[in-house]
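Structure first, then comments.
Residue numbers (our numbering): 27 to 804.
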């Protein structure tokens with residue numbers, strides 16, 4: 027006990043010095059209030075002003091007469107219960123706090139009065155020194171005698187920070203409750219009073235339980251001081267928190283992008299906003315910052331339009347998130363985080379692109395494939411590919427795996443297993459490679475969310491964000507170099523002083539020859555696999571992902587210039603995206619791939635087509651019978667076969683519809699150019715027919731005449747069948763409209779192909795059966 031007593035004695039001496047400073051050494055009192063606030067401006071990549079964060083949106087001064095008495099009581103009770111009795115410095119409270127701090131060996135109680143806090147808020151000097159504390163105490167003592175308690179309390183309540191950008195009770199009341207301060211109720215007043223000590227820790231949006239507990243503490247304190255009765259306290263405790271986001275009336279472009287930028291400024295001092303959360307909040311809204319971002323407003327608009335075109339029925343369709351970035355720099359060029367940021371709903375501000383963690387489905391498989399290639403597993407190693415499989419787990423138990431829609435059968439190599447997303451092959455692969463090794467690859471590529479090392483991780487059971495997935499695929503696109511995604515390129519003061527300048531941070535994640543092999547497989551996913559709806563007539567690679575019971579759907583893909591991830595799902599809950607909840611059964615190769623195709627086609631319309639960089643041969647000089655495969659893409663097939671034969675390989679031909687080259691030219695190969703393959707093995711050549719397929723337009727929900735016109739204008743032959751659709755709750759509303767089509771919207775088909783559409787007859791009333799069970803996916 028000696029050390030606490032010594033500390034306590036030293037603190038008593040310090041308190042005596044404070045008292046002396048208050049009485050005899052008070053400096054001239056000059057309190058001019060907070061520095062004049064200056065609006066912060068946020069700019070797009072081309073210098074276009076996106077929005078201005080006005081100070082008057084976050085602070086408004088009101089007189090004490092417009093602050094309810096119970097609000098004043100609540101703040102005084104929890105922050106400084108002897109406020110009306112001390113003279114600016116509460117020696118009793120300081121002794122109590124000092125004893126508590128000395129006993130615990132750390133700061134556990136505050137001893138500052140409301141007057142001292144107010145002085146600290148309006149002083150420009152923020153250094154943490156004994157001299158500053160003495161100065162504050164002296165000014166507090168002098169302030170009590172010059173302006174009195176009421177003005178001090180009013181000034182304090184108009185300047186204190188309440189979190190979420192709200193300075194002062196008026197802004198806080200409007201931020202949390204959508205009402206002016208004068209209309210605050212007792213439960214609301216107690217909640218606001220509780221926020222003052224730690225606005226972030228008691229944030230009612232992010233930490234509702236902590237906020238509720240803090241409100242209870244305030245109400246108990248008020249009851250103990252006889253400000254309210256026990257009955258009033260009990261009733262207030264039983265009242266829900268009742269907070270809700272209330273948006274300003276103005277809107278601006280790329281709101282989810284802007285919100286993510288604001289959050290980065292608030293979370294990380296490296297952007298120059300200040301060392302403490304309160305400083306960063308203050309500077310973001312009132313510090314006159316100039317924030318230059320990476321968003322390309324043209325690409326942003328194209329991403330939003332692609333989502334709106336595919337998910338064309340917002341009342342019933344699920345939501346989508348899109349992140350598009352440059353693989354070499356990490357600069358995020360477009361970000362769609364939800365449907366209607368300014369809509370005011372409970373989910374309106376939640377950013378699905380940066381905060382929405384959902385299972386990745388089979389879009390996680392490329393990370394496992396990369397781990398396998400890194401360990402020396404050949405892309406052409408054959409695996410049994412049954413429709414379903416029971417695998418014993420290393421620690422006991424059986425893992426039941428089945429393929430989507432019961433595909434599979436026979437044997438196949440890793441190329442075909444990826445192209446067709448065969449779960450049973452990948453289940454064997456992750457047990458061969460090891461879950462920890464596969465997840466290590468994912469983390470090195472850019473996945474930062476927590477990943478559980480279970481075998482089922484190969485099927486995408488771990489939750490990730492669209493931003494992470496874009497970043498990780500970007501590393502594959504960037505020859506194995508991972509780059510941290512960047513939304514902010516530069517931050518300056520209003521006078522041009524640079525506070526932050528972004529510099530890309532490429533770091534090796536995978537060897538180039540490993541990512542070359544993975545990329546070659548992902549190219550074939552788009553060319554002829556589950557991702558054909560994402561073809562854009564230029565080199566592209568990617569992977570689809572469909573979550574358990576169709577609750578989440580992904581397509582993540584890239585070209586040499588741009589990588590984009592798309593997630594589709596219901597924002598409020600993980601609901602199955604199957605009829606009648608959705609117009610189609612949503613898979614990664616449907617709506618997500620269609621959104622990706624529409625966006626990337628528009629985003630790259632003015633960008634010259636460029637091939638992926640040449641493959642990098644493996645570094646080892648001693649490859650035994652393994653040798654690099656020559657690059658024969660773009661050659662006439664006869665010339666390609668001669669080239670392969672001269673270097674010890676044979677060739678297999680596969681015809682594919684592709685208009686990028688004349689008929690008879692090689693448009694793709696497997697293994698990839700530069701990849702290692704056994705001498706004498708076959709190289710599969712995709713030989714273009716010269717006829718690029720068109721995509722069937724979406725005519726669901728159109729009238730018969732509209733559907734006919736749409737199909738004919740796209741070069742297809744319509745065939746109409748009048749037939750009642752299966753019973754559904756809203757079937758009557760679709761009388762006379764198309765409810766089904768084949769081939770499906772977005773399918774690749776040769777122009778002239780017949781597209782059959784089914785139209786509901788007019789005047790038929792359908793009964794609705796009870797809902798049935800849904801089949802789960804693998």
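Ideal Cβ placement from N, Cα and C applies to all residues, glycine included.
- Here residue 251 carries a coil assignment [DSSP, helix/strand/coil].
- When DSSP states are grouped into helix, strand and coil, residue 76 belongs to the strand group.
- Within a 10 Å sphere around the beta-carbon of residue 462 sit fewer than 16 other beta-carbons, which makes this residue exposed.
- Judged by their CB atoms, residue 403 and residue 417 are not nearer to each other than the 8 Å cut-off.
- With respect to residue 420, residue 450 sits apart: the two C-beta atoms are not nearer than 8 Å.
- Taking residue 567 as reference, the option from 576, 429, 589, 573 with the minimal CA-CA separation is 589.
- Residue range 764-768 is occupied by the beta strand (DSSP E) that includes residue 766.
- Taking 8 Å as the cut-off, the beta carbon of residue 315 is found no closer than this to the beta carbon of residue 179.
- If only complete runs of 4 or more residues are kept, the segment 612-685 shows the alpha helix (DSSP H) at 617-629, 663-672, in order along the chain.
- Across the structure, residue 591 and residue 391 are spaced so that their CA atoms are roughly 15 Å apart.
- Your pair residue 379 and residue 347 checks out as a contact, with CB atoms roughly 4 Å apart and the cut at 8 Å.
- Per the C-alpha coordinates, the member of 454, 429, 317 positioned closest to residue 67 is 317.
- If one requires a minimum length of 4 residues, the alpha helix (DSSP H) runs lying completely within the segment 254-338 are 256-263, 281-293, 303-312, 323-336, in chain order.
- Sequence-distant partners of residue 247 (beyond 5 residues in either direction) whose C-beta falls short of 8 Å from its own C-beta, in its chain, are 103, 104, 107.
- Under the three-state reduction of DSSP output, residue 175 falls in the helix class.
- One thing to note: residue 585 has its Cβ within 8 Å of the Cβ of residue 626.
- Assigned with DSSP and collapsed to three states, residue 454 falls in helix.
- If only uninterrupted beta strand (DSSP E) runs of at least 3 residues are considered, those enclosed by the segment 496-562 are 514-518, 524-527.
- At the C-beta level, residue 452 and residue 484 come within 8 Å of one another.
- Of the residues 203, 746, 621, the one whose Cα lies closest to the Cα of residue 763 is 746.
- Between the alpha carbons of residue 690 and residue 581 lies a gap of roughly 30 Å.
- Counting the other CB atoms within 10 Å of its CB gives residue 529 a total below 16, which places it among the exposed residues.
- Approximately 13 Å separates the beta-carbon atoms of residue 486 and residue 618; this is outside 8 Å, ruling out the contact.
- The beta carbon of residue 329 is closer than 7 Å to those of 348, 350, 360, 362, 625 in its chain, skipping five residues each way along the sequence.
- Annotation for residue 570: the continuous beta strand (DSSP E) segment containing it runs 567-572.
- In its chain, beyond the 5 residues on either side, 368 have a beta carbon closer than 7 Å to the beta carbon of residue 277.
- Bridge pairing for residue 428: 414 [DSSP].
- Residue 695: member of the beta strand (DSSP E) spanning 692-696, first to last residue.
- Per the coordinates, the alpha-carbon of residue 634 lies some 30 Å from the alpha-carbon of residue 702.
- Counting along the chain, residue 581 sits inside the beta strand (DSSP E) bounded by residues 579-584.
- According to DSSP, residue pairing for residue 409 in a beta bridge involves 438.
- Under the 10 Å beta carbon count, residue 257 is surrounded by fewer than 16 other beta carbons and is classified as exposed.
- Sequence-distant partners of residue 456 (beyond 5 residues in either direction) whose C-beta falls short of 8 Å from its own C-beta, in its chain, are 394, 464, 481, 483, 484.
- With a beta-carbon spacing of about 12 Å, residue 659 and residue 550 fall beyond the 8 Å limit used to define contacts.
- The closest CA to that of residue 389, considering only 188, 494, 265, 220, is found on 494.
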